[in-house]
């Protein structure tokens, strides 16, 4: 009987998968940047309670949170070309629908999905900063931008980091669905490899390992950032004792 | 010489009139205390001067400039806020910054001082309030009284024309009140112009040189501590002083 489970293959196939790791990372990082930027905008609209925009944002967040990400990937994959066709039709332009690299569809879908989830985290984090501190900053004569940059943002980030880390881990794994937009990243590569060797289970095991290690790395990174940004538990011990001028 | 002149300040919350065309001139170096029952607009008056509330009417003359309190121009708002500084009941220190950074913040961001100049000035002011040995403590490492002293240093470092203090000792444990009152007394001695809302009547008696009694959004009595506490003319003021045991009521004398 030949090997039912070839455990060596689990490890020997990893290098072939890692060839497509840059695609996975690219998807993750770009979608993350879009997610945070758009998420911040949505949070801002909600906090400022800007009419019309607020309703649009709420609707957007509701739809994105209420539909599976795989459906959203299909919607962008088929929706963007249709939108482009309409645009060409009405403006007499000649954009090539097939010229759009497939990774764009995945980035748009993942980024917008991320923004909907992160917007709520960011909004809650900004609103968690005491109003009194904002009043103190106003009283000092800071303008709106200075208050945001110096008072709200640094404290909101500390609050938001754990949740944003969590959602980033979701995104890393969410990129595995990008194959539905015909993007070849590590999951798609795994399927291709398995398709030729019929060793599906072994390769899925390798994939699981790769994602797991990647996730551990993200977890550690965010734990480190969280520690760095928080106010220390203890009063800092000072080097050189130059501070105790009045004892 | 007047440090600040407030004209026709009115503020409503819905139908409820909180401040009713208040006029007030404060001279340079004065320590003016506002007393009165709760809900009479004491805090609102202070907060309106600093535009933390939006009054319906009124203007302020400060530094020979008249600025409307209903101004929409953010430049004018900032200008007014830069002339005045506020000390809050809840201290409102920036939680993510050390005592030193809290005091430096306004100097660097608003006054555009160089880091080392701001640092020097901040240390000087923190030493004045007796916090020179706690420069690198975060607010969470400080007691309420210490936090309030840092907050006072933060306000004084900005060299305001008028220092507004909104019940600065109300949130403190009784044993911490005196350290803050001493700090305020020192600030007064140094010639700072202060407008103060407080319930510390004995402190007011000793430190303030002018007292306003506010009721239903109007200043109904205005005088020196002697005039207010020893010889109150206004009936409502008398009642108030009896209630807070600052004036003996006939009921208790035999």
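Protein chains in written order, with the UniProt record's numbering: chain C, 1 to 247; chain X, 1 to 254.
Backbone N, C-alpha and C fix where the C-beta goes; we use that ideal spot for every residue, glycine too.
In this structure, the beta-carbon distance from residue 160 of chain C to residue 125 of chain C falls below 8 angstroms. With a threshold of 8 angstroms between beta carbons, residue 141 of chain X makes contact with chain C. The shortest CA-to-CA distance from residue 110 of chain C to any of C/228, C/232, C/34, C/202 is the one to C/34. Between the stretch 114-123 of chain X and the stretch 169-178 of chain X, the count of Cβ pairs shorter than 8 angstroms is below three; the stretches do not touch. CA-to-CA, the gap between residue 162 of chain X and residue 105 of chain X works out to about 19 angstroms. In the same chain as residue 113 of chain X, and ignoring 5 residues on each side of it, the C-beta atoms closer than 6 angstroms to its own belong to 107, in chain order.
Residues of the stretch 106-132 of chain X that bring their beta carbon within less than 7 angstroms of a beta carbon in chain C comprise 106, 109, 110, 127, 132, in sequence order.
Between the C-alpha atoms of residue 86 of chain X and residue 164 of chain X there is a straight-line separation of about 5 angstroms. Following the DSSP letters along the chain, one finds residue 191 of chain X in no beta strand (DSSP E), marked with neither H nor E. The DSSP-derived three-state label of residue 95 of chain X is coil.
Of all residues in the stretch 218-234 of chain X, none has a C-beta nearer than 9 angstroms to a C-beta of chain C.
Sequence-distant partners of residue 134 of chain C (beyond 5 residues in either direction) whose C-beta falls short of 8 angstroms from its own C-beta, in its chain, are 147, 151, 152. The residues 45, 46, in chain order, have a CB closer than 7 angstroms to that of residue 54 of chain C in the same chain once the five nearest residues on each side in sequence are set aside.
Of all alpha-carbon atoms in C/212, C/187, C/100, the one lying nearest the alpha-carbon of residue 20 of chain C is that of C/187. Residue 40 of chain X sits in coil when the DSSP states are folded into three classes, being neither helix nor strand.
Secondary structure in the stretch 185-233 of chain X: the alpha helix (DSSP H) runs of 4 residues or longer, each lying completely within the stretch, are 201-207 in chain order. By the neighbour-count criterion, in which a residue is buried when 16 or more other Cβ atoms sit within 10 angstroms of its Cβ, residue 167 of chain X is buried. Note on geometry: alpha-carbon atoms of residue 4 of chain X and residue 77 of chain X lie some 16 angstroms from one another. Taking 8 angstroms as the threshold, the shortest C-beta distance from residue 156 of chain C to chain X does not fall below it. Against chain X, the beta carbon of residue 138 of chain C has neighbours under 7 angstroms at 52, 81, listed in chain order.
For residue 34 of chain X, the three-state secondary structure derived from DSSP is strand.
With a threshold of 8 angstroms between beta carbons, residue 11 of chain X makes no contact with chain C. The continuous beta strand (DSSP E) containing residue 61 of chain X extends over residues 57-62. Cβ atoms of residue 32 of chain X and residue 212 of chain X come within 8 angstroms of each other, at about 6 angstroms. Residue 132 of chain C: member of the alpha helix (DSSP H) spanning 131-140, first to last residue.
The Cβ of residue 85 of chain X sits closer than 8 angstroms to at least one Cβ of chain C. Straight through space, the alpha carbons of residue 104 of chain C and residue 113 of chain C are spaced by roughly 14 angstroms.
Around residue 143 of chain C, the beta-carbon contacts reaching into chain X at under 8 angstroms are 74, 78. DSSP, reduced to helix, strand and coil, places residue 132 of chain X outside both helices and strands of the structure shown, so it counts as coil. Residue environment analysis places residue 155 of chain C among the buried positions, since at least 16 neighbouring C-beta atoms fall within 10 angstroms of its C-beta. Annotation for residue 54 of chain X: no alpha helix (DSSP H) segment contains it, and DSSP assigns it neither H nor E. For residue 96 of chain X, the neighbours in chain C by C-beta distance under 8 angstroms run, in chain order, 154, 155, 158, 231. CA-CA distance, residue 82 of chain C to residue 90 of chain C, rounds to 12 angstroms. Scanning its chain for C-beta atoms nearer than 8 angstroms, with the 5 sequence neighbours on each side dropped, one finds around residue 172 of chain C the residues 24, 28, 211, 214, 215, 218, in chain order. In this structure, the straight-line span from the alpha carbon of residue 69 of chain C to that of residue 178 of chain C is close to 10 angstroms. For residue 200 of chain C, same chain residues with a beta-carbon under 8 angstroms away, outside a window of 5 residues either side, are 194 in chain order.
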